[in-house]
Amino acid sequence: MKKTVVIGASDNPERYSNLAARRLQKYGHEVIAVGLKDGKIGDIPMTKERKFIPDVDTVTLYVGPQHQPDWYEYILSLKPKRIIFNPGTENPEFERMANEKGIETPMACTLVMLSVGNY
-9 MKKTVVIGAS
1 DNPERYSNLA
11 ARRLQKYGHE
21 VIAVGLKDGK
31 IGDIPMTKER
41 KFIPDVDTVT
51 LYVGPQHQPD
61 WYEYILSLKP
71 KRIIFNPGTE
81 NPEFERMANE
91 KGIETPMACT
101 LVMLSVGNY
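With the numbering used here, the residue at position 14 of the sequence shown is 4, and numbering never jumps.
Shown next as structure tokens:
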């Protein structure tokens, strides 16, 4: 299973980041939820602390492009194999930065990827 960091996580069950975190866990992936505040998504702890996380496979992004520059350094420091740019998070500048570091950058929906079996 793939250790996944949800960036832009929310404890609001109506947000896609919340649904994605719960669905990832349901599919057996280890989920680390990082948002703007501490809390919980079901039984998944959510933190605002940007601490180092070893062995990250995937970062799934739920932060709009206008707010992403504040996250660039942190996300790249995790050295993920891929960063999924979910709908509304597309950012050519950040995509280029990640690609230069050998990180895959699919423009995709985590929820759809899970449902069709290509996560």
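Where is the CB? At the ideal position from N, CA and C, for every residue including glycine. If you're wondering where the values come from, they're calculated on a predicted model, not measured in any experiment.
Look up L11 in the DSSP assignment and say whether it is helix, strand or coil. Note on residue identity: the sequence assigns Ala, not Leu, to residue 11. Residue state, collapsed to three classes: helix.
Which stretch, first to last residue, makes up the beta strand (DSSP E) that contains V21? 21 to 25
Pull up the CB-CB distance for T37 and H19, whole angstroms please, since I reckon it's below 8 angstroms. Their Cβ separation, rounded to whole angstroms, is 17 angstroms, which puts T37 and H19 out of contact at 8 angstroms.
Roughly how many whole angstroms lie between the Cα atoms of E85 and T95? 6 angstroms
Let me know if N76 comes out buried or exposed under the rule of 16 or more other beta-carbons within 10 Å of its beta-carbon. buried
To test your reading of the DSSP string, which unbroken beta strand (DSSP E) runs of 3 or more residues are found completely within the stretch 48 to 94? 48 to 51, 72 to 75
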